[in-house]
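Everything below concerns the one structure shown next.
Shown next as structure tokens:
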């Protein structure tokens with residue numbers, strides 16, 4: 140077992156945990172601590188936005204931004220009844236509290252409803268906490284962490300300082316990485332739009348045409364938002380392979396398929412499956428194709444295969460050597476993302492309708508330059524499989540390439556401070572942070588911290604499948620167990636964030 144990078148416990152009588160980030164990940168860690176703690180405990184939940192439990196993902200006010208999975212597949216806890224204390228499950232809450240009496244388990248509802256449900260569930264957990272447990276929700280932003288012999292001190296933007304025993308980084312997604320263009324100065328122009336900017340949508344509605352750099356879920360969000368706001372200009376979308384997210388199929392036949400595939404995928408049982416996982420990308424591709432063939436022989440398509448593989452995805456990832464993981468990222472990732480991260484049927488129909496009308500035009504190729512001119516932004520790209528370049532002239536370029544995952548390139552003061560102090564390092568694939576199986580962040584020497592932890596997107600290098608609700612709720616539960624241990628640090632396997640959990 141590796142040694143810990145640690146400091147002695149604080150001499151304060153009440154152990155203190157600070158959770159930096161009050162989006163879904165942070166709220167889930169707080170909920171689990173509130174549910175489980177019986178000994179004295181003080182919790183700080185630090186969130187810069189006015190609302191906790193929502194984050195960027197579930198704070199969009201637009202009706203067109205719907206959940207990517209149906210209502211019946213969404214729950215906050217792995218309890219069989221799906222409740223949080225005495226809170227109803229999401230479907231019941233929508234019907235009885237939100238007033239959506241006609242909603243069904245197969246519906247895809249606006250994301251803001253789930254954000255409000257998380258918020259209400261956190262409020263219920265706060266109200267039902269043990270008398271020994273205290274929680275402070277602080278609207279502020281952590282800018283730096285300094286480490287003493289007995290405690291860590293959080294320095295908040297408004298000047299407050301908090302002494303704590305343990306810290307959880309629940310930071311969610313960072314802003315997107317810079318576009319892969321030759322002239323980086325373009326990022327400073329008014330024609331360049333970061334997808335997460337709060338005023339981004341309003342700022343481009345008057346433009347005659349737009350370029351979405353990327354074709355993943357962020358780009359789809361933009362397409363449906365522009366459609367809802369009545370945008371009539373041309374929308375260009377560019378990615379290397381030109382792959383849009385696939386669509387969910389919700390029907391009794393699809394549910395029967397998934398049920399059948401749960402028997403087909405682990406044919407000889409879970410133990411045999413886990414003992415025979417592929418160790419190369421070639422083997423993995425063949426392994427999945429074999430199971431798709433089985434599904435097709437039963438009259439189904441590939442969707443139940445991907446859904447049934449989900450409980451095993453983290454194990455699949457960890458069985459691949461580092462060089463094979465890199466090969467996966469180079470060659471298979473776009474196809475995996477397109478099939479794994481699907482969109483609601485109503486969203487897919489909007490996208491296809493705009494494609495049929497010609498308003499949405501897809502391009503496969505490599506972005507090269509973006510130059511401002513009197514006519515607009517001249518975008519040069521090389522079509523896939525070609526040696527020549529083509530150009531488009533648009534009013535603005537919107538960066539939909541996804542969050543920056545290389546923490547060395549994230550410029551937030553807190554991240555820069557922790558990296559500079561050597562308190563954390565990136566993982567080998569630069570998909571997030573290097574962390575132990577229980578979420579303990581490794582320092583520059585690879586030693587797991589006894590006081591600094593993370594979960595969610597930051598753990599993608601170790602777990603790969605770590606950004607969806609089902610995975611984060613499992614990680615949050617395991618991390619809460621670790622935080623409540625007397626000495627913290629590495630815990631037995633039952634406290635690992637890597638568990639086989641079957642989504643609803």
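Numbering (my numbering), first residue to last: 140 to 643. From the three backbone atoms N, C-alpha and C, an ideal C-beta is built for every residue, glycine too. The structure displayed is predicted, hence computed values, not measured ones.
(1) Determine, using beta carbons only, whether residue 652 and residue 348 come nearer to each other than 8 Å.
(2) From the DSSP output, read off the bridge partner residues of residue 466.
(3) Does the count of Cβ pairs from the region 306-319 and the region 157-168 closer than 8 Å reach three?
(4) Could you check where the beta strand (DSSP E) with residue 587 kicks off and where it finishes?
(5) To the nearest angstrom, report how far apart residue 322 and residue 537 are at their CA atoms.
(6) Could you tell me whether the region 514-525 touches the region 413-425, using the rule of 3 or more Cβ pairs below 8 Å?
(7) If contacts are defined as beta-carbon pairs under 8 Å, then residue 294 and residue 283 qualify, I think. What distance do you get, rounded to the angstrom?
(8) Sorted by chain position, which residues of the same chain lie with C-beta nearer than 6 Å to residue 120's C-beta, five sequence neighbours on each side aside?
(9) Out of curiosity, what's the CA-to-CA distance linking residue 456 and residue 470?
(10) Count the other CB atoms within 10 Å of the CB of residue 616; is the residue buried (16 or more) or exposed (fewer)?
(11) Rounded to a whole number of angstroms, what is the C-alpha to C-alpha distance between residue 223 and residue 264?
(12) Buried or exposed: which applies to residue 548, given that a residue is buried once 16 or more other Cβ atoms fall within 10 Å of its Cβ?
(13) Contact between the region 186-205 and the region 243-258 is defined here as three or more beta-carbon pairs at a separation below 8 Å; is this criterion met?
(14) Can you have a look at residue 582 and say buried or exposed, based on whether 16 or more other CB atoms are within 10 angstroms of its CB?
(15) Nearest to residue 269 by alpha carbon, out of 180, 373, 334 and 485?
(16) What residue range does the beta strand (DSSP E) around residue 282 cover?
(17) Give a yes or no on whether the C-beta atoms belonging to residue 254 and residue 164 are separated by under 8 Å.
(18) For residue 305, which of 579, 171 and 430 has the nearest alpha-carbon?
(19) Leaving out the 5 sequence neighbours to the left and right, which residues in its chain are closer than 8 Å to residue 210 when beta-carbon positions are compared?
(20) So, are the CB atoms of residue 276 and residue 191 less than 8 Å apart?
(21) Grouping DSSP H, G and I as helix and E and B as strand, with all else coil, what is residue 645?
(22) Please return the same chain residues whose Cβ sits closer than 8 Å to the Cβ of residue 371, not counting the five positions on each side in sequence.
(23) Which of the three DSSP states, helix, strand or coil, is assigned to residue 257?
(24) Would you give the residue range spanned by the alpha helix (DSSP H) that residue 163 belongs to?
(25) Buried or exposed for residue 446, going by 16 or more other Cβ atoms inside 10 Å?
(26) Can you check which of these residues, 176, 373, 387 and 356, is closest to residue 500 by C-alpha distance?
(27) Taking its Cβ as the centre, do 16 or more other Cβ atoms sit within 10 Å of residue 387, making it buried, or is it exposed?
(28) So what's residue 447 in DSSP terms, helix, strand or just coil?
(29) On a Cα-Cα basis, can you pick out the residue from 369, 622, 357 and 359 that is closest to residue 346?
(30) By the three-class DSSP mapping on this structure, what secondary structure does residue 208 have?
(31) Determine which residues share a DSSP beta bridge with residue 520 and list them.
(32) Measure the Cβ-Cβ separation of residue 541 and residue 353 and say whether it is below 8 Å.
(33) State the DSSP-derived secondary structure class of residue 608, mapped to helix, strand or coil.
(34) Going straight from the alpha carbon of residue 417 to that of residue 454, what length do you get?
(35) So who's on the other strand from residue 155, going by DSSP bridges?
(36) Please go through the same chain and pick out, in chain order, the residues whose beta-carbon is closer than 6 Å to the beta-carbon of residue 340, but skip the five residues on each side of it.
Quick look at the numbers:
(1) The question about residue 652 has no answer here: the residues shown for the chain are numbered 140 through 643.
(2) Start at 1 with the first residue of the chain shown, and residue 466 comes out as number 327. None; residue 466 has no bridge partner.
(3) yes
(4) In the chain shown, residue 587 corresponds to position 448, counting from 1. That run of the beta strand (DSSP E) goes 587-593.
(5) Start at 1 with the first residue of the chain shown, and residue 322 comes out as number 183. Start at 1 with the first residue of the chain shown, and residue 537 comes out as number 398. Distance between the alpha carbons of residue 322 and residue 537 is about 16 Å.
(6) no
(7) Counting from 1 along the chain shown, the entry for residue 294 is found at position 155. Counting from 1 along the chain shown, the entry for residue 283 is found at position 144. Right, the Cβ-Cβ distance comes to about 4 Å (below 8 Å), so this counts as a contact.
(8) Nothing in the structure corresponds to residue 120, since the chain is present only between 140 and 643.
(9) As a first step, residue 456 must be located in the chain shown, where it is residue number 317. As a first step, residue 470 must be located in the chain shown, where it is residue number 331. Spanning the two alpha carbons is a distance of roughly 15 Å.
(10) Position 477 of the chain shown, counted from the first residue, corresponds to residue 616. Classification for residue 616: buried.
(11) For the purposes of this step, residue 223 is identified with residue 84 of the chain shown, where counting begins at 1. For the purposes of this step, residue 264 is identified with residue 125 of the chain shown, where counting begins at 1. For residue 223, the predicted structure reports a pLDDT of 47, less than 50, and the residue's modelled location is therefore unreliable. A value from the coordinates is still provided. Straight-line Cα distance between these residues: approximately 7 Å.
(12) For this step, residue 548 is matched to residue 409 along the chain shown. Residue 548 is exposed by the Cβ-count criterion.
(13) yes
(14) Within the chain shown, numbered from 1, the residue matching residue 582 stands at position 443. By the 10 Å Cβ count, residue 582 comes out buried.
(15) In the chain shown, counting from the first residue as 1, residue 269 sits at position 130. Of 180, 373, 334 and 485, the residue nearest in Cα terms is 180.
(16) Counting from 1 along the chain shown, the entry for residue 282 is found at position 143. From DSSP, the beta strand (DSSP E) with residue 282 extends over 281-286.
(17) Position 115 of the chain shown holds residue 254. Position 25 of the chain shown holds residue 164. For residue 254 and residue 164, no; Cβs fall outside 8 Å.
(18) Here residue 305 refers to the residue found at position 166 of the chain shown. Among 579, 171 and 430, the Cα nearest to that of residue 305 is on 579.
(19) For the purposes of this step, residue 210 is taken as the residue at position 71 of the chain shown. Counting only Cβ-Cβ distances below 8 Å, and skipping sequence neighbours, we find 229, 230, 233, 242, 243, 244, 245, 246, 247 and 248.
(20) Working through the chain shown from its first residue, we reach residue 276 at position 137. Working through the chain shown from its first residue, we reach residue 191 at position 52. Yes, the Cβ-Cβ distance between residue 276 and residue 191 is below 8 Å.
(21) Nothing about residue 645 can be read from this structure; the chain reaches only from 140 to 643.
(22) Mapped onto the chain shown, residue 371 falls at position 232. Within the same chain, residue 371 has close Cβ partners 498.
(23) One-based indexing of the chain shown puts residue 257 at position 118. Helix, per DSSP.
(24) Indexing the chain shown from 1 puts residue 163 at position 24. Residue 163 -> alpha helix (DSSP H) spans 163-175.
(25) Position 307 of the chain shown, counting from 1, holds the residue named residue 446. Classification of residue 446: buried, given that the 10 Å Cβ count is 16 or more.
(26) Residue numbering aside, residue 500 sits at position 361 when the chain shown is read from its first letter. Checking every option, the nearest Cα to that of residue 500 belongs to 373.
(27) Here residue 387 is taken as the residue at index 248 of the chain shown, counted from 1. So residue 387 ends up on the buried side.
(28) Residue numbering aside, residue 447 sits at position 308 when the chain shown is read from its first letter. The answer is helix: DSSP assigns residue 447 an H, G or I state.
(29) Within the chain shown, the letter at position 207 stands for residue 346. Of the listed residues, the one whose Cα sits closest to residue 346 is 369.
(30) The sequence position of residue 208 within the chain shown is 69, counting from 1. Residue 208 falls in the coil class under three-state DSSP.
(31) Along the chain shown, one-based indexing puts residue 520 at 381. Answer is 506 and 529, bridged to residue 520.
(32) Here residue 541 corresponds to residue number 402 of the chain shown, with the count starting at 1. Here residue 353 corresponds to residue number 214 of the chain shown, with the count starting at 1. Yes, these two residues count as a Cβ contact at 8 Å.
(33) For the purposes of this step, residue 608 is taken as residue 469 along the chain shown, with counting starting at 1. Three-state DSSP puts residue 608 in a helix.
(34) Reading the chain shown from its first residue, position 278 is the one you call residue 417. Reading the chain shown from its first residue, position 315 is the one you call residue 454. Cα to Cα, the separation comes out at about 10 Å.
(35) For the purposes of this step, residue 155 is taken as residue 16 along the chain shown, with counting starting at 1. Its beta-bridge partners are 181.
(36) What you label residue 340 is simply residue 201 of the chain shown in a count that begins at 1. Taken in chain order, the residues that qualify are 364.
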